[in-house]
Every structure is written in structure tokens, then in C-alpha cells.
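Step one of this worksheet: look at the structure below.
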Amino acid sequence: MVIDSMGIGAMPDCREFNDTEKCNTLRNVCEFNKGLNVPNMQKMGLGNIQEFKGIEKTETPIADYGTMQEKSKGKDTTTGHWEMAGIVSEKPFATFPDGFPDELIQEFIEETNCGGVLANCPASGTAIIEKLNDEHHSTKFPIVYTSADSVYQIAVDTDLIPLETLYEWCEKAREILDNGNWNVSRVIARPYKIIDGKPVRISKDRRDYSMKPSHTVLDDVKNSGGRVIGIGKIEDIFSKSGITHAIHTGSNKEGLELTLKAVKNELDLEKIAYSDYKNGKNGDFIFTNLVDTDMLFGHRNDAEGYGKAIEEIDTYVDDIMDNMSDNDLLIITADHGCDP
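According to this note's numbering, the sequence shown is numbered sequentially starting from 807.
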């Protein structure tokens, strides 16, 4: 279970990424909120890892705990998840602090026949959509932007540009990036709608188009007859490689409820099985990404919302553990940091 971006400190190479050594997502969220109420993760030993305001140490932790450092060069979702699955990335993915090169944008325009693009700069998704929504409606050009991460993001109002067209544009962008060796980690579809006069992103329809990974432990589980159940954006991060079942989520709450159902064997796996899945019974690997901490709160510098999201996750931990068998293993971790 990956709490997206809940890092616990700077890496030794943080300066290479223009980050400060004071970065510590969980510690700073705890400080901002004057403590967090996370009794279940506290029992597991979260407060024993380091000083987190309001999270006490326990003399009798019910789980193993510790700090991990990536071997990979990079600090984004793909790098983190891939390393969990056994891939150490020797080269960081490319970032574009000044926007994408003209040649890349022109190729995208020509290949998609979209007519043009708006933005082409690093931006907050919510801010850039609000700023350019009127121009988007008058031109019908997609809003293309990036962030501090290696991402090519495309936003459209799906009442103006159909969702399937957005997905097609993203697939074409992924193809262009791969063929041109641009080394971009993800293309992200960012659909939104106008609700009560304001642009609102539709999280459940977001899709990530990742570079295809090499062999991972997910492939090993699948090839041995096990089921690999991706909850949230997991199937996108691994470009479907090694996955047997997948379901996207619109919120952390939905992801947590689906995870609990999967642990209780109450998830309707037939509905979410890949067409090439051959029935296997050699154990399940449930891989959940809880993205709200990063997407809704980390990137928006909302430390209060981040704290509430962590507390919400904690309320499900007890139920998940209560429904585990003696042979089940629960791992709670993060993929990177995003200090709000």
C-alpha cells in the first residue's frame, strides 16, 4: 500500500534535484498540523522511525519499521514504484523546467491534428486549467503542461473534447516520446469538466501512460500463477506489465475500500480481470496506490489536507490487518516525497 509522496527525509543526492535538505514530508505535515492522529500506524512503529510531532514511540511495535533510500536516480512515482518491483534506474527521467522543446510540440500537433497547444510550461494543474479554460474553449486546443516531475500532461474539458480523443492524444504523445528517446516518465490524461461555473478535474478518468518497464517481480508473481491486483494508478505506472487485474479509483477512500475488499476476498475479480488472464490460485499480490496525498495536497502545498488524508488512511489500517491471514504480509510505504 503506497501512500503517494509521504516521504520522511531528504536523500543524499537532493541537491542534484534542487531540493533542500530540510525536506521531510511527513515530519513537516505533522509540524504544520501540530500532530496527527494515526493510532494504527503508531502501533506499527511509525513514531519509532524518527521524531514526528504527535506520533508517539511504542515499546512494543506490532510491525517491523524503518527508513529506506532509493538506489535509483530519480524522485518520481515511476522511479519509486519500479524500484519496489525490482528495477533500479541508473539514469533519471528528463524534466522540462522551461517547457517542452518546439520540435516535440510541433510533432505532437502534426500527429494528433489538434491544431495547436496552450501553456507548454511547468504549472499547477488546477491553476493552469482555470487560467486557460476560456482560451481552451475558444480554440479547442489541449492544455499541455509539465511539473517538477518527468511528466507530459494533457488537460481538456471533456464536454468540449471527448474523453476518448484525450486518451488517443495521450497514446500518440507516448509514442512520440518513446520513438524520439525523450526519456519522459509519464504522459498523463487530465480530464476536467465545468461544474458550478468552475473547472473541476475528474480524477477517476485520469490515466497515466508510462514507459514500459523491464522485468519486475510483478511478472514473477503472474508467471508463477499468482494474481497481481492493481488498485489506483498501478496498471498505468507499469504500463499493464505483470498485472492480471486492475481497477482505477477516484479517491483514496475508494482505493482503501477496494483494498479492504480484496483482502477479505470480496472483490469481484472477474469484472476487473485482463482478457488474457488465465485463472491462477498461487496467492495474490494486492498493489494499491493512494494518490490523493500527492495529487490533491502535496503538489498544491496543502499541508492541512495532507494531514487529514494520512489520518483517513490510518482508519482503514486496523480493518485491513484484522482481515489478514497468518500468511499475509502488509507493507505500507511511500514512493517519493512532496513536501507541502
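Where a beta carbon is used, it is the ideal one built from N, C-alpha and C, also for glycine.
None of the values given here were measured: they were computed from a predicted structure.
Item, Value
"What does a CB cutoff of less than 6 Å around residue 876 pick up in its chain, not counting 5 residues either side in sequence?", "889"
"Grab the span of the alpha helix (DSSP H) containing residue 1068 for me, first residue to last.", "1058-1069"
"What are the complete alpha helix (DSSP H) segments, minimum 4 residues, inside the region 1008-1033?", "1023-1029"
"Classify residue 926 as helix, strand or coil using the three-state DSSP reduction.", "strand"
"Consult DSSP for residue 821 and reduce its assignment to one of helix, strand or coil.", "helix"
"Between which two residues does the alpha helix (DSSP H) holding residue 835 run?", "831-838"
"Among 967, 1068 and 872, which one has its Cα closest to the Cα of residue 855?", "872"
"Let me know the secondary structure DSSP gives residue 848 once reduced to three states.", "helix"
"Given a cut-off of 7 Å on the beta-carbon distance, is the pair residue 920 and residue 948 in contact?", "yes"
"Whole beta strand (DSSP E) runs in the region 907-962 with 3 or more residues, listed along the chain?", "924-928 and 949-952"
"Counting only the same chain and skipping the five closest in sequence on each side, list residues whose C-beta sits under 6 Å from that of residue 1055.", "1038 and 1061"
"Between the beta-carbon of residue 1058 and the beta-carbon of residue 1096, is there less than 7 Å?", "yes"
"Can you tell me which of 980, 886 and 867 puts its alpha carbon nearest to the alpha carbon of residue 913?", "980"
"Kindly confirm or deny that the region 808-819 and the region 829-840 touch, where touching means at least three C-beta pairs closer than 8 Å.", "yes"
"Can you look up residue 996 in the DSSP assignment and give me helix, strand or coil?", "strand"
"Run through DSSP, which three-state label would residue 1103 get?", "helix"
"Rank 990, 967, 978 and 985 by C-alpha distance to the C-alpha of residue 958 and give the top, closest one.", "990"
"On the three-state DSSP scale, how would you describe residue 1036?", "strand"
"Between residue 1027 and the rest of its own chain, which residues show a CB-CB distance below 6 Å, the 5 nearest in sequence each way excluded?", "1034 and 1091"
"For the beta strand (DSSP E) holding residue 1096, just list the boundary residues, first then last.", "1090-1096"
"Assign residue 1120 to one of two classes, buried (16 or more other C-beta atoms within 10 Å of its C-beta) or exposed (fewer than that).", "buried"
"Only counting the same chain, and skipping five residues up and downstream in sequence, which positions put a Cβ closer than 7 Å to that of residue 881?", "823 and 1142"
"Going by DSSP, name the residue or residues bridged to residue 858.", "861"
"Hey, out of 974, 926, 852 and 1040, whose CA is closest to residue 917's CA?", "974"
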